[in-house]
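Visitor: Residue numbers (the UniProt record's numbering): 1 to 588.
Glycine is no exception: its CB is placed at the ideal position from the N, C-alpha and C atoms.
1. By how many angstroms is the C-alpha of residue 465 removed from the C-alpha of residue 516?
2. Using the three-state DSSP reduction, which class does residue 595 fall into: helix, strand or coil?
3. Is the separation between the beta-carbon of residue 393 and that of residue 529 shorter than 9 Å?
4. Less than 9 Å separating the beta-carbons of residue 418 and residue 384?
5. Would you decide whether residue 157 is buried or exposed? Buried here means 16 or more other CB atoms lie within 10 Å of its CB.
6. If you measure from the beta carbon of residue 177 to each beta carbon in chain B, is any gap under 9 Å?
7. Thinking C-alpha only, which one of 483, 430, 203 and 140 is nearest residue 118?
8. By the DSSP assignment, the alpha helix (DSSP H) with residue 555 in it spans what residues?
9. Could you name each continuous beta strand (DSSP E) segment of 3 residues or more that falls completely within the UniProt domain "Helicase C-terminal" (368–515), going from the start of the chain to the end?
10. Which class does residue 538 belong to by DSSP, given the choice of helix, strand or coil?
11. Between the C-alpha atoms of residue 153 and residue 337, what's the straight-line distance to the nearest angstrom?
12. Helix, strand or coil for residue 260, going by three-state DSSP, please let me know.
13. Tell me, please, which residues DSSP counts as bridged to residue 313.
14. Can you tell me which of the three DSSP states residue 577 falls into?
15. Run the CB neighbour count on residue 330, radius 10 Å, all protein chains shown included, and call it buried at 16 or more, exposed below.
16. Return yes when the Cβ of residue 476 is within less than 9 Å of the Cβ of residue 448, no when it is not.
17. Span of the beta strand (DSSP E) holding residue 144?
18. Cα-Cα, which of 277, 415 and 183 is closest to residue 303?
19. So if DSSP puts residue 226 in a beta bridge, which residue, or which two residues, is it bridged to?
20. Is it true that the segment 298–313 meets the segment 268–284, where meeting means three or more beta-carbon pairs spaced less than 8 Å apart?
21. Using C-beta distances below 8 Å, list every residue in its chain close to residue 179, excluding the 5 sequence neighbours before and after it, in chain order.
22. Can you tell me whether residue 498 sits near the ligand GDP, meaning its C-beta is under 8 Å from at least one heavy atom of the ligand?
23. Which partner residues of residue 279 appear in the DSSP bridge assignment?
24. Would you call the segment 307–320 and the segment 283–296 touching, i.e. three or more CB-CB distances under 8 Å?
25. Beta strand (DSSP E) containing residue 350: first to last residue?
26. According to DSSP, simplified to helix, strand and coil, what is residue 634?
27. Tell me the DSSP secondary structure of residue 582 in three-state form.
28. Just how far apart, CA to CA, sit residue 7 and residue 320?
29. Can you find the residues in the same chain that come closer than 6 Å, C-beta to C-beta, to residue 376, ignoring five residues on each side of it along the sequence?
30. Three or more C-beta pairs closer than 8 Å, one from the segment 286–299 and one from the segment 229–247: is that the case here?
31. In this structure, how does DSSP classify residue 569 when only helix, strand and coil are distinguished?
32. Residue 442 and residue 208 look like a contact to me (Cβ under 8 Å); what is the Cβ gap, rounded to whole Å?
33. Let me know if residue 268 comes out buried or exposed under the rule of 16 or more other beta-carbons within 10 Å of its beta-carbon.
34. By alpha-carbon positions, which one of 554, 562 and 535 ends up nearest to residue 577?
35. In the DSSP assignment, what are the bridge partners of residue 587?
36. Taking the straight line between their C-alpha atoms, what separation do you get for residue 513 and residue 322?
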């Protein structure tokens, strides 16, 4: 074990800091097999759409040969071994400083409906006047707790590990000092047409990367010579290459897979990275959850050793700590903006669960949405579904029922997803039906209700989905709709303030209306939803271990879509899911 015995005591402008011990276990840097390394499944892009995972195909993979998810990768490559040795031999965590951003005891927190704002103004720090003007135009005059706790440390050039929730202003917290680094860097020589990349921001999903780039452009409003570019999966590599060649790119926001593509395939790109002075890993825990550890290690080895590194993460599990060993300097500071008493989103939001048979889910969903709309003029609802194709089915159904609905999932092209995401962010009176690509990090203000239909992947995913409402201290509501055989999931939520709610009255006319609307949903979409549903629940251990029962439930789902007979599935797919010759399935 590596023990962190460093403490810090003292005062800041926002109250007292509490020092504490931290313990890290260096468990040999064990590494899970990345998703792109499955043997026999082709390249990552064959079944995953870059950083926004294709939930449906992933469910099929996990259901049949998903045991690979828990295998350890024993093929340690040379670069990884070098990084590991470097970290363990030269990186002492004994001097890590632990800073608590104590919002609850601070006399400096503004007592408004937005409990994350402080009285500290941005102009109290030495920032570029042009940046301050942009902040003012954007309505950012005082800092959030996260910004107040991290900004002064980052501006000093220190490496920082910040434990901070999404929706608390952390994007500005790392972008603003990154811009300062660019401003203070020597101008590019005349013979060098394109300046090097000075700040590199890594985000786990396309939506988060696009959102960070948009925020950067807001802060760069009065910095005409500083350019920000975003490189993400789902767009043509050649277009991104051309854009970076013809436009300034001192700040680059990227998803790991696409950045790796540019390092390997874009001439001169690796050289540009040698100018990086600030490296940011946003949503570090999410990056690792999605299997990007190997890519992150490659990226760290591609940028200069002499740099400032900022890690922002909602949680700090062992895997994040291991990345800290590689990425951060030994004298980095740990700023904890998430601790007891701050009022976690999942503790503040009103939460309910409802248990209804599968054949009632569509009618129940429609009833809940109509009731919410009737009581909320400025309604803004997110409906989470289990997979991409189930998301499409539900969106089609609600559209047939004349609700104002949009959809986002991994089967939609990136340009469409960006357009819909921006529309939903700015609008009210709208319902967004989505898969888990929208579960983390994406900031949609003023969401009034989060509806989760079907069992979430795990407790953490339930909490992340719920976190799309009640952001920045505002009110919100969450409803989880489960079938009776999904009720087991509630045991993982027993420490949360979630209560059982009686089912609303569903009128016979409503049932008929929903059934009629289902008849207008395309058959191919129902077939795709059936296959995706089967794959998803096959990957849920509590349900998927009894294959006969699983197929019975899948066929119940098929009937709920108005189908007399379940759709036939390819034999190859059934084989991968381990469902060959299970009674009740139709093969083709």
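Guide: This is what the structure holds:
1. Taking the Cα positions, residue 516 is about 30 Å away from residue 465.
2. No answer is possible for residue 595: the residues shown for the chain start at 1 and end at 588.
3. Yes, Cβ-Cβ distance for residue 393 and residue 529 is below 9 Å.
4. With contacts defined as CB atoms closer than 9 Å, residue 418 and residue 384 fail to qualify as a contacting pair.
5. Burial call: exposed.
6. The structure shown has no chain B; it contains just one protein chain.
7. For the residues 483, 430, 203 and 140, the minimum Cα distance to residue 118 belongs to 140.
8. 547–560 is the extent of the alpha helix (DSSP H) around residue 555.
9. Residue ranges of uninterrupted beta strand (DSSP E) with 3 or more members, entirely inside the UniProt domain "Helicase C-terminal" (368–515) and ordered along the chain, are 380–384, 405–408, 430–434, 449–453, 477–482 and 498–500.
10. Three-state result, residue 538: helix.
11. Cα-Cα distance, rounded: 14 Å.
12. Three-state DSSP puts residue 260 in a helix.
13. Note: residue 313 sits in a beta bridge opposite 163.
14. The answer is coil: DSSP assigns residue 577 none of H, G, I, E or B.
15. Exposed, because fewer than 16 other Cβ atoms sit within 10 Å of the Cβ of residue 330.
16. Judged by beta-carbon spacing, residue 476 lies within the 9 Å limit of residue 448, meaning their Cβ atoms are closer than that value.
17. Counting along the chain, the beta strand (DSSP E) containing residue 144 begins and ends at 142–144.
18. Its Cα nearest to that of residue 303, the residue 277 stands out among 277, 415 and 183.
19. Residue pairing by DSSP places residue 226 in no beta bridge whatsoever.
20. Yes: at least three Cβ pairs fall under 8 Å.
21. Apart from sequence neighbours up to five positions away, the residues of its chain that approach residue 179 with a beta-carbon distance below 8 Å are 128, 131, 199, 216, 219, 220, 223, 226 and 251, ordered along the chain.
22. What this structure holds is no ligand at all, so the ligand GDP is not there to describe.
23. Residue 279 is bridged by DSSP to 200 and 309.
24. These segments touch.
25. Residues 350–355.
26. In the structure as shown, the chain starts at 1 and stops at 588, and residue 634 therefore has no counterpart that could be examined.
27. Coil, per DSSP.
28. Here the model assigns residue 7 a pLDDT of 34, short of 50, so the residue's position is not dependable and the matter cannot be decided.
29. Cβ within range, chain order: 448.
30. Contact between the segment 286–299 and the segment 229–247 is absent, because fewer than three Cβ pairs lie under 8 Å.
31. Residue state for residue 569 is assigned as strand, using DSSP reduced to three classes.
32. Contact between residue 442 and residue 208 holds, with the beta-carbon distance rounding to 6 Å and staying under 8 Å.
33. Exposed, since its Cβ has fewer than 16 Cβ neighbours within 10 Å.
34. Comparing alpha-carbon positions, the option among 554, 562 and 535 lying closest to residue 577 turns out to be 535.
35. Per DSSP, 569.
36. So the two alpha carbons sit approximately 54 Å from each other.
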